[in-house]
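Numbering (full-length UniProt numbering) for the sequence shown: 1 to 387. Here a beta-carbon is modelled for each residue, glycine too, at the ideal position from N, C-alpha and C. A quick note: this is a predicted structure, and the numbers were derived from the prediction, not measured. Just below is one structure, and these are the notes that go with it.
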Amino acid sequence: MLEPLTHIGRDAATGGYVRDAWSPADMELREWFAGEAGRRGLDLREDRNGNLWAWWGDPSRSPGVVTGSHLDSVRQGGAYDGPLGVVSAFAALDLLRERGVTPGRPLGVVCFTDEEGARFGVPCMGSRLLTGAIGPERALALTDDEGDTLADVLARAGRRPEWAGRDDETLAGVGAFVELHVEQGRGLAAHGRPVGVAAAIWPHGRWRFDFRGRADHAGTTRLADRDDPMLPFARMVLATRAAAERRGVVATVGKVRVRPGNANAVPGHVAAWLDARGAEEDDVRALVAELAEGHEVSEESWTPVVGFDPALRDRLARVAGGGTPAPVLPTGAGHDAGILAAAGVPAGMLFVRNPTGVSHSPEEHAERADCEAGVVALADVLEDLCR
Ligand code: HGY
Ligand code: MN
Ligand code: MN
C-alpha cells in the first residue's frame, strides 16, 4: 500500500519527499486517502480544518476509536514519517475484517493536515485547530515562503477559511486515538523489538530570530563600515550548540533565510529558526531565554510536555507486545497524538522499529517485516479498544 505513494512529491535528484500542506503533492495524497476510504466502503468526511476522516460506523451515535497519522512531510523527508501510520491504519482495518471482527464502536481512520508545519511554520496545524490549541485568527494569518497566507491557500484549494477553528462536533466522535509511527530513534533497535509504545513527548518549540543589518557591496564596502547580520547569526548558531550541551537538551538551527541572497553583497537581513526540545521544560525555556538575550525573537510554536494516558499506555504495551509487554519509550518528536492527548482525548502511540534511527531524511527506513508486525499490533489494539 505504500508503493503507490512512492512517486508523489518525490525529488528525483535526492530521493527525498517534499509534501507541503495543500501543495499539488498533498492534494494527490488526499485523493489517494479518499480512494482507499471509498474502496473499503468507509464514510469519508473532511472536517472544518481540512483533516480527513474515514469512518466504519457512525461516530455521531457514539464516540469511536480512531487511528491514523499524516501524509505531509518535512522538506526532503523520508517515506515513512506519516504515511506509515495512515497505511497501517487501513491495513489494520482490513485485517480486522479478515478476522471477521465487527467492532462494537465506530472505527475511524484519520489523516491530519499539515503535521510538519513545513510551509507555515507551526506543526500539527490540523489537530491544533481542531482542538483549539491554536486560534484561527493566528493560524490563517501565517504566511509561507511566497508570502501567501494560510487563508489564501485554503481558499485557493476550494476550502472555507472562515470555517477553521475548534470543532467540538468532530472531537466528540473521537473516544480514543492511537497513532502508529515509524520510530525516530534507535530505542527499539536497542531492545531488539519491532514494536513499542510511547510514554511521553518532550516539550518542544520553534522560535524565529531576525538579524537586521544593511545590504551593501561585497567589494567596495570596508569591513569597518559594514553592518552584516550574518555575524550575529553565526554567533547564535554556535551559542545554540554550546548552550544545548551545557543544559542537556537538543537544539537545532535548521532553517535560515538570507536576504537579498547575493554572493557579492553583504546581506541586509537574516531570519533563522531555532527548534529546541528536552526532557525538562525549564531547561528548554532557559536555553531559549539565554539565546534570545539582546535579539529580536518570536515564538512560533510551543508544545508542553505530553504524558500519554498511563492506563491506555499500559494496555497498548500489553496488547501490542504479543506475550511480552512492548517497550515503552519517550520521544523528542512531536505528533498529532500529543495534541489530542493535551486536549483530553485518551491517546497513545505505537512505534515501529527504525534500524538506523534516521528520520526527517530520505535515509529513513523500516523493514517490511517490522511494518507488518506494526499492522498486526495495531489491529490487536483496535480490536481490544473496540470491544
Ligand atoms: O518535528 C517533529 O517532531 C514532528 O516529526 N512533526
Ligand atoms: Mn516528522
Ligand atoms: Mn510524523
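**Prompt:** If you draw a straight line from the alpha carbon of Ala198 to that of Arg257, how long is it in whole angstroms?
**Reply:** Between Ala198 and Arg257, the C-alpha separation is close to 35 Å.
**Message:** With DSSP as the reference, identify every bridge partner of Trp55, one or two as the case may be.
**Reply:** Trp55 is bridged to Asp43, Gly108.
**Item:** Leu350: first and last residue of the uninterrupted beta strand (DSSP E) it sits in
**Value:** Looking at the DSSP string, the run of the beta strand (DSSP E) that includes Leu350 is 347-352.
**Request:** Could you tell me which residues DSSP pairs with Val256 in its beta bridges?
**Result:** Answer by DSSP bridge pairing, in chain order: Ala272.
**Message:** With the cut-off set at 8 Å, would you say Glu364 and Asn354 are in Cβ contact?
**Reply:** Taking C-beta atoms as the reference points, Glu364 and Asn354 count as a pair closer than 8 Å.
**Message:** Can you tell me whether Ser73 is buried or exposed? The criterion is at least 16 other CB atoms within 10 Å of its CB, across all chains shown.
**Reply:** Counting Cβ neighbours within 10 Å, Ser73 comes out buried, since at least 16 surround it.
**Request:** Between the Cα of Thr303 and those of Val87, Ile134, Thr102, Gly173, spot the shortest distance and give me the residue it belongs to.
**Result:** Out of Val87, Ile134, Thr102, Gly173, Ile134 has the C-alpha closest to the C-alpha of Thr303.
**Message:** Mapping the DSSP letters down to three states, classify Phe120 as helix, strand or coil.
**Reply:** Three-state DSSP puts Phe120 in coil, outside helix and strand.
**Request:** Given a cut-off of 8 Å, decide if Ser359 and Gln184 are closer than it, judged by their beta-carbon atoms.
**Result:** Yes; because the gap between Cβ atoms is below 8 Å, this pair is in contact.
**Message:** Just checking His335 against ligand 3 - is the residue's beta carbon closer than 7 Å to any of the ligand's heavy atoms?
**Reply:** It does: the Cβ of His335 is within 7 Å (strictly closer) of some heavy atom of ligand 3.
**CB-CB length for Val375 against Ser88, believed under 8 Å** = Contact holds; Cβ gap of about 5 Å.
**Prompt:** At a cut-off of 7 Å, is His204 close to ligand 5 when judged by its beta-carbon and the heavy atoms of the ligand?
**Reply:** Among the ligands modelled here, namely ligand 1, ligand 2 and ligand 3, ligand 5 does not occur.
**Message:** Taking the straight line between their C-alpha atoms, what separation do you get for Glu116 and Pro123?
**Reply:** Cα to Cα, the separation comes out at about 5 Å.
**Item:** Straight-line gap, His295 to Asp210 (C-alpha atoms, nearest Å)
**Value:** Taking the straight line from one Cα to the other gives about 7 Å.
**Asked** Does DSSP put Ile8 in a helix, in a strand, or in coil?
**Response** Coil.
**Item:** Any alpha helix (DSSP H) of 4 or more consecutive residues that is wholly inside the segment 127-152
**Value:** If we require 4 residues or more, the alpha helix (DSSP H) runs fully inside the segment 127-152 come out as 136-141.
**Asked** When DSSP builds the beta bridges, which residues end up paired with Ala200?
**Response** Answer is Gly307, bridged to Ala200.
**Asked** Mapping DSSP to helix, strand and coil, what is His70?
**Response** Strand, per DSSP.
**Request:** Please list, in chain order, all residues of the same chain as Glu28 whose beta carbon is under 7 Å from its beta carbon, the five residues on each side excluded.
**Result:** The residues are Ile8.
**Through-space distance from Asp11 to Thr356, alpha-carbon basis** = Spanning the two alpha carbons is a distance of roughly 22 Å.
**Message:** For ligand 3, is there any heavy atom lying closer than 7 Å to the beta carbon of residue 405?
**Reply:** No answer is possible for residue 405: the residues shown for the chain start at 1 and end at 387.
**Item:** Member of Val306, Ala164, Arg214 whose CA lies at the smallest distance from the CA of Ile201
**Value:** It is Val306 whose Cα lies nearest to the Cα of Ile201.
**Cut-off 6 Å between Cβ atoms - residues of its own chain near Ala37, not counting five sequence neighbours on either side** = Excluding residues within five positions, the ones whose Cβ falls inside 6 Å are Leu44, Ala54.
**Message:** Only counting the same chain, and skipping five residues up and downstream in sequence, which positions put a Cβ closer than 8 Å to that of Pro260?
**Reply:** Excluding sequence neighbours, Pro260 sits near Ala215, Pro267, Gly268.
**Prompt:** For ligand 1, is there a heavy atom less than 7 Å away from the beta-carbon of Asp114?
**Reply:** The beta carbon of Asp114 sits no closer than 7 Å to any heavy atom of ligand 1.
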